[in-house]
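The next block holds one structure in the form of structure tokens; read it before the comments.
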Amino acid sequence: LENLSVGALVQDPRDPKIMYMGTGEGYPNADAVRGIGIFKSTDGGNNWDSIGLPDIIVWSLAVNSNGYIFAGGSELGVVYRSTDNGGNWTPTNIGITNTNILSLIINSNNTIFAGTTNGVFRSPDNGAHWYQLGLQSEMIYSLAINLSGHIFAGTYANGVYRSTNSGSNWTQINSGLNTPDIRSIKI
6 LENLSVGALV QDPRDPKIMY MGTGEGYPNA DAVRGIGIFK STDGGNNWDS IGLPDIIVWS
66 LAVNSNGYIF AGGSELGVVY RSTDNGGNWT PTNIGITNTN ILSLIINSNN TIFAGTTNGV
126 FRSPDNGAHW YQLGLQSEMI YSLAINLSGH IFAGTYANGV YRSTNSGSNW TQINSGLNTP
186 DIRSIKI
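So the sequence shown is numbered by our numbering: it starts at 6 and just counts up by one.
See the structure below:
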């Protein structure tokens, strides 16, 4: 896997030795490294096998407690889902507008949240349907969920927002931040 840009990396919540890696650089530039899909490791990252989606740049990955894998990236308005460990991928985009999927996170109830170039979307049914929640004018680079179920959204130009009610309402929480450009949040 030489000279490969990694856009996303996630561990399977059922087995820490199983990991998934999405490839490709974000926005194209003269020296951008094109992605070659998603890879899977079953030995904690020592060896990797290609498992699909070679034609998209993968910016986000998430795995739920049922082992379903979700991938988002450069294909506008599409989250891909695999229910068979990456053997097959199905687009699940009913309700997502023409937007890039920049981040994915799953809460303890297996509800999926997607951070996009046009706000946050939620799917309560394994990606079958998506509903826009808010922050429509924000580019959401990163999402995180704490143990209380609060969702945090890192934005391109307006810092961090928090929702305490599964994304229905958002409050900006930027006290002490030196920059409004938040590319990554981890709890």
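Each residue gets a CB set at the ideal place from its N, CA and C atoms; glycine is no exception.
Looking at I190, S65 and L140, the one whose alpha-carbon comes closest to that of N151 is I190. When secondary structure is reduced to three states using DSSP, A133 falls in the coil class, being assigned neither helix nor strand.
Within 10 angstroms of the beta-carbon of Y136 lie fewer than 16 other beta-carbons, which makes it exposed.
H134 has its alpha-carbon roughly 6 Å from the corresponding atom of G100.
In this structure, the beta-carbon distance from N131 to N114 does not fall below 9 Å.
Scanning the region 134-165 from its first residue to its last, the whole beta strand (DSSP E) runs of 3-plus residues come out as 136-139, 145-150 and 156-160. For P96, the enclosing beta strand (DSSP E) starts and ends at T95 to T97. Beta-bridge analysis with DSSP links D54 to K45. Taking 9 Å as the cut-off, the beta carbon of G82 is found closer than this to the beta carbon of N103. In this structure, I178 and Y161 do not form a Cβ contact; the two beta carbons are roughly 16 Å apart against a cut-off of 8 Å.
Of Y146, W94 and P96, the smallest CA-CA separation from L109 is found for Y146. Annotated three-state conformation of W175 is coil, per DSSP. Residue state for K191 is assigned as coil, using DSSP reduced to three classes. In this structure, DSSP gives D17 an extended state, which the three-state scheme calls strand.
The beta carbon of P129 lies closer than 6 Å to those of T116 in the same chain, with the five residues before and after it left out. Nearest Cα to L140 within the set T176, T97 and N98: T176. Within the same chain, and ignoring the five residues on either side of P18 in sequence, the residues whose Cβ sits closer than 7 Å to its Cβ are V68 and S70. Under the DSSP assignment, L109 falls in the beta strand (DSSP E) whose first and last residues are I106 to I111. With fewer than 16 neighbouring CB atoms inside 10 Å of its own CB, L182 falls in the exposed class.
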